[in-house]
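Some notes on the structure that comes next.
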Amino acid sequence: MAARRRKRLFAWTLTEGVVAIDTPQPVRVDPGALTPMQALEHVEGSREAALFLLKDFHPFLGGGQVLENVRLIRKLRDLARRLKRWEKTVIFLSPLLRLPPELEREVTVLDWSLPTMADLEEALERVIRSARVRGDLRLNLDEATRERILKAAQGLTISEAERVFARSVVMTRDLDVEVIIAEKQQIIRKSGILEYLEPQERMEYVGGLSELKDWLNKRRLAFTEEARRFGLPEPRGVLLLGVPGGGKSLIAKATASLWQLPLLRLDMGRVFDQMVGSSEENIRRALHLAERVSPAILWMDELEKGLAGTASSHLSDAGTAARVFSSFLVWLQEKTAPVFVVATSNDISLLPPEILRKGRFDEIFFVDLPDQEERQEIFAIHLARRRRDPARFDLVRLAQESEGFSGAEIEQVVISALYDAFEGGRELTEKDLLRNIAHTVPLSQVMRERVTALRNWAYTHARMASGRRPVPTGVGPSSLY
Ligand SMILES: Nc1ncnc2c1ncn2[C@@H]1O[C@H](COP(=O)(O)OP(=O)(O)OP(=O)(O)O)[C@@H](O)[C@H]1O
Ligand SMILES: [Mg+2]
Numbered sequence: 020m021a022a023r024r025r026k027r028l029f030a031w032t033l034t035e036g037v038v039a040i041d042t043p044q045p046v047r048v049d050p051g052a053l054t055p056m057q058a059l060e061h062v063e064g065s066r067e068a069a070l071f072l073l074k075d076f077h078p079f080l081g082g083g084q085v086l087e088n089v090r091l092i093r094k095l096r097d098l099a100r101r102l103k104r105w106e107k108t109v110i111f112l113s114p115l116l117r118l119p120p121e122l123e124r125e126v127t128v129l130d131w132s133l134p135t136m137a138d139l140e141e142a143l144e145r146v147i148r149s150a151r152v153r154g155d156l157r158l159n160l161d162e163a164t165r166e167r168i169l170k171a172a173q174g175l176t177i178s179e180a181e182r183v184f185a186r187s188v189v190m191t192r193d194l195d196v197e198v199i200i201a202e203k204q205q206i207i208r209k210s211g212i213l214e215y216l217e218p219q220e221r222m223e224y225v226g227g228l229s230e231l232k233d234w235l236n237k238r239r240l241a242f243t244e245e246a247r248r249f250g251l252p253e254p255r256g257v258l259l260l261g262v263p264g265g266g267k268s269l270i271a272k273a274t275a276s277l278w279q280l281p282l283l284r285l286d287m288g289r290v291f292d293q294m295v296g297s298s299e300e301n302i303r304r305a306l307h308l309a310e311r312v313s314p315a316i317l318w319m320d321e322l323e324k325g326l327a328g329t330a331s332s333h334l335s336d337a338g339t340a341a342r343v344f345s346s347f348l349v350w351l352q353e354k355t356a357p358v359f360v361v362a363t364s365n366d367i368s369l370l371p372p373e374i375l376r377k378g379r380f381d382e383i384f385f386v387d388l389p390d391q392e393e394r395q396e397i398f399a400i401h402l403a404r405r406r407r408d409p410a411r412f413d414l415v416r417l418a419q420e421s422e423g424f425s426g427a428e429i430e431q432v433v434i435s436a437l438y439d440a441f442e443g444g445r446e447l448t449e450k451d452l453l454r455n456i457a458h459t460v461p462l463s464q465v466m467r468e469r470v471t472a473l474r475n476w477a478y479t480h481a482r483m484a485s486g487r488r489p490v491p492t493g494v495g496p497s498s499l500y
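Pasting the structure below:
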C-alpha cells in the first residue's frame with residue numbers, strides 16, 4: 020500500500036522503537052522511542068508522507084481508567100486531526116478489537132479476513148514441495164483428498180495451516196485430514212469460550228418432535244454447493260424453547276450428527292463471566308471463531324444464562340447483557356459464513372424481546388411435554404439404549420401412567436427401575452418401571468404455573484416441535500392443565 024501511494028513505511032514496536040521497513044534492510048530510525056507515547060510523538064514530529072504501523076498497541080488502548088491510557092487516548096485524538104493535514108496514516112495491528120469510545124469515530128476498522136481456498140492451496144503446495152525435496156512424502160494427492168484437506172483447513176490462518184500440514188507430514192509421512200481437524204479443535208479449546216463436541220447423539224435417539232426433526236432433515240444439505248446453485252438461502256438458525264428435560268439439548272447434539280458438521284457449544288454463562296474477559300469481547304471472539312471453523316453448528320445452550328435477573332446476575336448488568344445480545348443479533352442477521360445457530364432456552368421471560376421477534380431465527384420451535392404416543396416412543400428408545408427389548412413391555416400402559424412426564428423424567432424412570440432390578444438380582448420387569456413412575460412427581464406438576472405460562476406464550480408465538488396443533492391450555496391433550 021505504501022509503495023502504491025508513494026509513501027514511506029515505518030513500524031513501531033515496544034522493543035525496537037521506530038524502524039523503516041520500506042528499505043532493502045530495516046533501518047532503525049528512532050530506537051529510543053520505546054514507549055507508546057514516544058511513538059506517537061515520533062509520528063507527530065515526522066515530516067514525511069508515511070504509513071506508521073503500530074504493533075501491539077491495543078493493551079494501551081484498553082481502557083480509560085489508567086492515567087497513562089487516558090493521556091495516550093488524548094494524544095491520539097489530537098494527532099488524528101493533524102494526521103489528516105499531513106499525509107500520514109497510523110495503522111494499529113491488533114488481534115482483537117478494543118477501541119475506547121473516544122476513538123471510535125477516528126478509527127476505521129478493517130477485519131482481516133481468513134485465507135481463501137486458493138491461499139490455502141498455495142500453502143499446501145509449499146509444504147508438499149519442501150517435503151518432496153526432503154523425500155518425506157510418500158504419495159501424490161488425488162483430487163478428492165486434496166479437496167478434503169483444504170476444506171478441513173478452512174478457518175485456519177496461513178501460518179497455522181502450514182504448521183498443521185507440516186506436522187501431519189512429520190507424524191504420518193502423509194497428509195492426514197484427521198490431524199488437521201484435531202488441530203482446529205485445539206484452536207477452539209484454547210479460546211476458553213467455545214467447546215468442540217464430538218457428535219455422539221443421533222436423531223434416532225430422539226423421541227417425538229417429528230415436525231422439528233422433519234424441518235432439520237430437510238435442511239440437511241443446506242450448506243452444500245448444490246443448495247447454493249439451486250438458489251436456496253443458507254439457514255441461519257433455530258430457537259428451541261421448551262419445558263426442562265424436553266430434549267432440546269439432545270436434539271441440538273443430534274443435529275450435528277445428522278448434518279455431519281462440527282458442534283460448537285457456546286456457554287453463555289462464560290460469555291458473561293468477567294474472569295474470561297469483557298462480555299462483548301467474549302461474544303465477538305466466540306462468533307468469529309465459529310466462523311473460522313465453519314461450516315459448523317453453533318449451539319447456544321440455555322441462552323438466558325448469565326442474563327440479569329437470573330441466579331448468576333452478579334455476572335452481568337442489564338446494559339452489558341443488552342449489548343451482548345444486540346451484537347449477537349446483528350451477527351445472526353448479517354453473517355455470511357455458514358454457521359447454523361441452535362439456541363435453546365426454557366425461560367422466555369428472561370430473554371430480551373428482540374430475540375423472539377420473528378425473522379431473527381428461521382424458526383422458533385416449542386418443545387412441549389410429550390403426548391401419549393411420544394412417551395411410548397421415548398420409553399422404547401431408552402429401553403433399547405439400555406439393551407432391553409421394548410416389545411417385552413406394555414408401552415401403552417407405561418405412557419398412560421406417565422402423563423405429564425418429560426423425556427428426561429422417562430429416562431430417569433428407566434434408569435432407576437434398572438437399578439432396582441439389578442439390586443434385586445433379577446431382570447427388569449414392567450412392575451419396576453410402573454413403581455418408579457408412581458414415585459416420580461414430574462416437574463410439570465411442581466412448576467405447573469411456569470409451564471402453563473410458557474405454553475400459553477408458545478402456542479401463539481412458536482411452531483410446535485411435535486407437529487401437534489396448539490391447543491389452548493385447559494382443554495389440552497393432558498388432563499394436567
Ligand atoms: N424427546 C426425547 N426423546 C428421547 N430422550 C429424551 C427426550 N427428551 C429428553 N430425553 C432424555 O433426557 C435427557 C435430558 O434432556 P435434555 O437435556 O435434552 O433436555 P432439555 O430440553 O435440554 O432440558 P433443559 O431445558 O433442562 O436444558 C436427554 O439426554 C435424553 O436422554
Ligand atoms: Mg438443555
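Under the working numbering, the first residue of the sequence shown carries the number 20, and numbering increases by one thereafter.
Don't be surprised by glycine CBs; every beta carbon is placed ideally from N, CA and C.
Residue i beta carbon near ligand 1 (any heavy atom closer than 7 Å)
i           : result
residue 198 : no
residue 448 : no
residue 276 : no
residue 386 : yes
residue 264 : yes
residue 232 : no
residue 397 : yes
residue 321 : yes
residue 389 : yes
residue 103 : no
Any non-hydrogen atom of ligand 3 closer than 7 Å to residue i Cβ
i           : result
residue 365 : Of the ligands one can find in the structure shown, namely ligand 1 and ligand 2, none is ligand 3.
Counterpart residues of residue i in DSSP-defined beta bridges
i           : result
residue 49  : 37
residue 483 : 385
residue 127 : None, per the DSSP bridge assignment.
residue 285 : 213 and 319
Residue burial classification, residue i (beta-carbon count within 10 angstroms, cutoff 16)
i           : result
residue 287 : buried
residue 434 : exposed
residue 243 : exposed
residue 215 : buried
residue 131 : exposed
residue 274 : buried
residue 349 : exposed
residue 363 : buried
residue 95  : buried
residue 451 : buried
residue 298 : buried
residue 395 : buried
residue 250 : exposed
residue 399 : buried
residue 412 : buried
residue 339 : buried
residue 401 : buried
residue 20  : exposed
residue 441 : exposed
Which of helix, strand or coil DSSP assigns to residue i
i           : result
residue 69  : strand
residue 107 : strand
residue 76  : coil
residue 178 : helix
residue 413 : coil
residue 29  : strand
residue 228 : coil
residue 59  : helix
residue 115 : coil
residue 458 : coil
residue 193 : coil
residue 276 : helix
residue 341 : helix
residue 54  : coil
residue 422 : coil
residue 94  : helix
Terminal residues of the alpha helix (DSSP H) in which residue i lies
i           : result
residue 2   : No statement about residue 2 is possible, as the shown extent of the chain runs from 20 to 500 and does not include it.
residue 439 : 426-443
residue 392 : 391-404
residue 380 : Looking at the DSSP string, residue 380 is not in any alpha helix (DSSP H), and its letter there is neither H nor E.
residue 136 : 136-152
residue 308 : 298-311
residue 246 : 244-249
Range covered by the beta strand (DSSP E) that runs through residue i
i           : result
residue 260 : 256-261
residue 358 : 358-364
residue 215 : 213-216
residue 367 : Careful: residue 367 lies outside any beta strand (DSSP E) and carries neither H nor E.
Heavy atom of ligand 2 within 7 Å of residue i beta-carbon
i           : result
residue 272 : no
residue 324 : no
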